[in-house]
Amino acid sequence: MKKVLVIGGTGTLGKVLVGQLASKGYIVRVLARKPQKAAFLPQDGIEVVPGDLLDKGSLLEACQGMEGVVSAAHSMLGRGRYASEQVDVAGQKALIDAAREAGVPYFVFLSVVGAAPDHKVDFWRSKWQIEQYLIQSGLAYNIIRATAFMEVHIREMLGKSILKNGKVMIFGKGDKATNFVSVKDVARLILHCFEHPEHHNRIFEIGGRDNISRLDIINRYSQKLGKPVLATHMPNGVLRVLSKVIRPFHPGISRVMFIADLFDQEEQCFEVEPLLREVEMEVCGVEEVIGG
Ligand SMILES: NC(=O)c1ccc[n+]([C@@H]2O[C@H](COP(=O)([O-])OP(=O)(O)OC[C@H]3O[C@@H](n4cnc5c(N)ncnc54)[C@H](OP(=O)(O)O)[C@@H]3O)[C@@H](O)[C@H]2O)c1
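Counting from -8, one number per residue, gives the positions in the sequence shown under our numbering.
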């Protein structure tokens, strides 16, 4: 299987995945809303085409001649036309339909650990809905449920500010453990799925080595810098009120605040050993983004 269409190839996971696929000899087509945003992708064997999950015609065209599709796009923070329920439900269904209509035999969908029909967060329910839609589509598939990406939730949301200013603001108390996975490992699992048809039609769950609280992450940065990091906390009550007030204007930011408050009350731990027993691969810990 050599020709792969990636949706979300400009994203945190997508760009790493596109690089890994190309380095293994796959011919990769990236569908991007703004193709100029994908100009940084290595050029050899990579084609960028304009398109949008909300434009079924562009999906059908992009799927032509492809042997696999990876959907690594989402719009958790979107609003208006790009609200999550439009992109993450209607758009993802349109993509699965387009792949089937174009005769693409295999589809990989990126989901989240914990996806369930009764999850407290709508985004987790949407992921579950699309998982079901894909399973029932008749396409050969893999669903990859991942924990929080460390490149987003540690490097971008904590590390950037700590390394630049020596201080950081965290949502809530930050004392509950969370599992963080590297997008490099998620991309490796997707490649494994492409290369092992005997593992098709399965849901795989992947996390990283570490279950660690945000406060402990800040301590790790502090050790690395050799000086204390100033952490300020947005109280949970403020998160709850802001989430409600902002909702009519920006459902995406409201959702993020709701999730931050919820996950500050409940640990989000994950054990990766069952996956590693089945799939020959290694996963890294948070030192990948914090440094040794
Ligand atoms: N981030 C996490 O912690 C995490 C954890 C578990 C699972 N996941 C899942 O993993 C996947 C990748 O996440 P990520 O964090 O790497 O994403 P990301 O960095 O936020 O990038 C999102 C991607 O989706 C694309 N996109 C958004 N709306 C689109 C539309 N209407 N049409 C076409 N493309 C659209 C964006 O393209 P543009 O360049 O056009 O904006 C971008 O490439 C997602 O399915 C996500 O739900 C993420």
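All C-beta atoms, glycine included, are put in the ideal place defined by N, C-alpha and C.
Rounded Cβ spacing between residue i and residue j (contact assumed at less than 8 Å)
i	j	result
residue 134	residue 194	4 Å
residue 231	residue 252	6 Å
residue 220	residue 153	5 Å
residue 224	residue 70	Incorrect: roughly 26 Å between the Cβ atoms, too far for contact.
residue -5	residue 61	6 Å
residue 128	residue 87	5 Å
Separation of residue j from residue i, as counted between CA atoms
i	j	result
residue 191	residue 174	21 Å
residue 126	residue 132	7 Å
residue 65	residue -1	8 Å
residue 78	residue 10	25 Å
residue 75	residue 246	10 Å
residue 244	residue 85	25 Å
Own chain partners of residue i with C-beta closer than 8 Å, once the 5 adjacent residues on each side are dropped
i	result
residue 140	3, 4, 171, 172, 173, 174, 177
residue 142	3, 173, 174, 280
residue 36	13, 16, 17, 18, 19
residue 72	45
residue 275	173, 175, 176, 199, 200
residue 149	159, 161, 205, 208, 209, 212
Contacting residues, own chain, Cβ-Cβ under 6 Å from residue i (five flanking each side not counted)
i	result
residue 233	248
residue 205	161, 165
residue 95	54, 57, 60
residue 45	82
residue 68	243
Contacting residues, own chain, Cβ-Cβ under 7 Å from residue i (five flanking each side not counted)
i	result
residue 1	23, 28, 29
residue 282	215
residue 196	104, 136, 266
residue 144	171
residue 8	-3, 61, 63, 178, 181
#### Entry: Complete runs of the alpha helix (DSSP H) confined to the segment 72 to 116 [at least 4 residues]
83 to 92
### Message
Which complete beta strand (DSSP E) runs does the segment 151 to 202 hold, if anything under 3 residues is left out?
### Response
You should have 158 to 162, 169 to 172, 193 to 197.
### Task
Counting only runs of 4+ residues fully inside the segment 1 to 77, write out the alpha helix (DSSP H) ranges in chain order.
With a minimum length of 4 residues, the unbroken runs of alpha helix (DSSP H) contained wholly in the segment 1 to 77 fall at 3 to 14, 47 to 54.
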